[in-house]
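Participant: All letters in the sequence shown, in the order written, are residues -21 to -1, 1 to 341 by mature numbering (1 follows the signal peptide of the UniProt record, and there is no 0).
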Amino acid sequence: MKKLTLAAIFAGSFAALTAHAQSNVTIYGIVDAGIVRETGGAAGDVTKVTSGIGSQSRIGFRGVEELGGDLSAIFTLESGYKIDDGSLDSSNTLFNRQAFVGLKSKTMGTLTIGRQYNPLYNAMSQVADPFGAGYAGNIKNLFPAGGVNTRVSNALVYSTPNWSGFSVDGLYALGEQPGDNTAGRQFAIGLNYSGNGLNVRLVHNNRNNDSAPTSTAVGVDREDGKNTLLAANYDFKVVKLFAAYEWDKGLNSSPIPVANAYGLKTAPKPSTDANDALIGITAPLGNGTLMASWMNKNDKTVNNQDAHQWAIGYSYALSKRTSAYTAYAKIKNKNGAGYTVGNNNEAGSGDAAFNLGVRHTF
C-alpha cells in the first residue's frame, strides 16, 4: 500500500513538473509580393516586382514555456526576406526584425530584452494608420516612423497588464558607447486604452543623437530628437475612423526617407520642428476592406517645406490567410520638400505610386 501511495505521489509530482515545464514553439510568417509603379522621381518612372508591399515578408519563431504559477518565459526571433530575389531583407543580419527574450505574467506584466518594436511605431501601425503602415498610402511617407522609430536594438521593454482597458508600455535602449552612458540612448513611454470600439494611444519617444566622441567634446551640446504622438480609432461597424497628430522637435525628429529623390539643386532639409496630422477610414466592402487617408506635414522651420498626401486602397479576402490588394497614393510637396510615396518595405522614388499584389500569412 505504501509502495502504491509513494508511486502515485511520484507520478503526480512528475506530471506537475512536466506541466510546469510545458513549452511550445510556433513557426509563423508572411509572404507578400506584387507590382509597384512609381512616378515623379528624378530617375524617371519605374515599374517593378517588390516584396513586402503591404507587410514585409518574414519568417519567425515564437516560443512560450510555462514556468509555473503565473509566470512564462517567452522569446521571438523574426527575419525579413525578399520574395522578388530570395535575399535577406537586411544583409549580414539574420533576425533583423525582432530578436528578444523575456518573462510574462498576467498579474505583473511583461519584460523583454533585445531588438524590439518601438511603442511609437506600434501606435502608428496598430492605431493611427488605416493602411497599417503598409501599401502606398502608409503613414511612414510623412510621419517619422522609419529607422530607430520602428525597431530598437539593445532595448528593454516593459508592458503592464491590462487594467479595465488601460495599459502602459515603456522602452529603454542603451546606446552602448564607451565613455558616455547617454550617447545614443533612447526611451519611450506609451499610455494606451482599448475598449467599446475605441482605441487611443499617447506616446512620447526621445532619442539622443550623439556619439561618444562628439558628445564629450568641449562646446558640443546634445540635441535629442523628440516625438509625441496622439493616435485614435473608433469602430462604428459600418465604418472605422482613424485620426493622429504628432509633434516633432529636434535633430532627426522628422527625417526625409530619400535624401534628394527629385534631383533638386538645393536638397530638401529635414525639419527640426514639425507637426503631422492624419485622418482616415476603413470600411467593409464586399468580401474585402476599403482603406483611405489624408496626411499633412507642417514644417514650422523657416524652410516651410510642407507636404500632404491622399491615398486609397482595397484588400480583397480570398481566404482567411490570403488576400489580394491594390492601392494608390499621391504626395504634394511644397517649397522644395522631398517626401516620397513608398510602401511597407521601401521608401519609394517619386511623388505617386500604384500597388497590386498578393499577401499570404502562415
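Where is the CB? At the ideal position from N, CA and C, for every residue including glycine. All values derive from a computational prediction rather than experimental measurement.
Straight-line CA distance for G116 to I310?
Facilitator: So the two alpha carbons sit approximately 10 Å from each other.
Participant: What residues match up with R94 in a beta bridge as DSSP calls it?
Facilitator: Beta-bridge pairing links R94 to A78.
Participant: Quick check on F341: buried or exposed, where buried means 16 or more other Cβ atoms within 10 Å of its Cβ?
Facilitator: Burial call: exposed.
Participant: Quick one: is E225 buried, meaning 16 or more other Cβ sit within 10 Å of its Cβ, or exposed?
Facilitator: By the 10 Å Cβ count, E225 comes out buried.
Participant: Less than 6 Å between C-beta atoms, sequence neighbours within five positions excluded: which residues of the same chain meet that for L335?
Facilitator: Contacts found: G13, I14 and T305.
Participant: Just curious, the beta strand (DSSP E) that G267 is in, first and last residue?
Facilitator: Where G267 is concerned, the enclosing beta strand (DSSP E) stretches over G267 to D278.
Participant: What's the C-alpha gap between P249 and K205?
Facilitator: Roughly 14 Å between the two C-alpha positions.
Participant: Within a Cβ cutoff of 6 Å, which residues of the same chain sit near L177, ignoring the five residues on either side of it in sequence?
Facilitator: Around L177: Y213.
Participant: Under the three-state reduction of DSSP, which class applies to N324: helix, strand or coil?
Facilitator: N324 falls in the coil class under three-state DSSP.
Participant: Smallest Cα separation from L56: which of Y295, L46, D64 and R94?
Facilitator: Looking at the Cα atoms, R94 is the closest of the given residues.
Participant: Please work out which residues of its chain come closer than 6 Å, Cβ to Cβ, to F333, disregarding the five sequence neighbours upstream and downstream, and give them in chain order.
Facilitator: Around F333: R16 and Y307.
Participant: So, is R300 buried or exposed, given that buried needs 16 or more other C-beta atoms within 10 angstroms?
Facilitator: Exposed, by the Cβ-count rule.
Participant: Are the beta-carbon atoms belonging to P109 and F215 less than 9 Å from one another?
Facilitator: Not in contact: P109 and F215 (Cβ atoms no closer than 9 Å).
Participant: Could you give the distance in angstroms between the alpha-carbon of I9 and the alpha-carbon of A107?
Facilitator: Cα to Cα, I9 sits roughly 22 Å from A107.
Participant: Would you call the CB atoms of P98 and V182 closer than 9 Å?
Facilitator: Going by C-beta atoms, P98 is nearer than 9 Å to V182.
Participant: Please report the distance separating the alpha-carbon of A316 from that of S272.
Facilitator: Distance between the alpha carbons of A316 and S272 is about 20 Å.
Participant: Identify whether G126 lies in helix, strand or coil by the three-state DSSP scheme.
Facilitator: G126 falls in the helix class under three-state DSSP.
Participant: Report the CB separation of K219 from A253 in whole angstroms; it is logged as a contact under 8 Å.
Facilitator: With a Cβ gap of about 27 Å, K219 and A253 do not count as contacting.
Participant: Determine the DSSP secondary structure at L181, reduced to helix, strand or coil.
Facilitator: Looking at L181 - three-state DSSP - the assignment turns out to be strand.
Participant: Buried or exposed for E325, please, with buried defined as at least 16 other CB atoms from any protein chain shown within 10 angstroms of its CB.
Facilitator: So E325 ends up on the buried side.
Participant: Can you name, in chain order, every residue of its own chain whose Cβ lies under 6 Å from the Cβ of I53, other than the five neighbours on each side?
Facilitator: Cβ neighbours of I53 beyond the five flanking positions: V43, G81 and K83.
Participant: Please return the same chain residues whose Cβ sits closer than 6 Å to the Cβ of Y172, not counting the five positions on each side in sequence.
Facilitator: For Y172, where only same-chain residues beyond five positions count, the Cβ hits under 6 Å are G144, F145 and V179.
Participant: Just curious, the beta strand (DSSP E) that L46 is in, first and last residue?
Facilitator: Element bounds for L46: R37 to G47.
Participant: On a Cα-Cα basis, can you pick out the residue from N312, M103, G20 and I62 that is closest to R338?
Facilitator: Selected option, being the one with the closest Cα: I62.
Participant: Please look up how many angstroms separate the CB atoms of L257 and I118, rounded, as I've assumed it's under 8 Å.
Facilitator: Correct: roughly 6 Å between the Cβ atoms.
Participant: Identify every run of the beta strand (DSSP E) within the stretch 205 to 261, keeping only runs that are complete inside it and at least 3 residues long; order them along the chain.
Facilitator: Qualifying beta strand (DSSP E) stretches, in chain order: 219 to 233.
Participant: May I ask you to report which of helix, strand or coil DSSP gives S143?
Facilitator: Three-state DSSP puts S143 in coil, outside helix and strand.
Participant: Note down the Cα distance separating T319 from F122, rounded to an integer number of angstroms.
Facilitator: C-alpha separation (whole angstroms): 12 Å.
Participant: Would you tell me roughly how many angstroms separate the C-alpha atoms of H(-2) and N175, rounded to the nearest one?
Facilitator: Only weak support exists for where H(-2) lies, its pLDDT of 46 falling under 50; the coordinates are left without a value.
Participant: Check each candidate in E155, G88, F166 and L150 and name the one with the smallest Cα separation from W142.
Facilitator: Closest option to W142, Cα to Cα, is G88.
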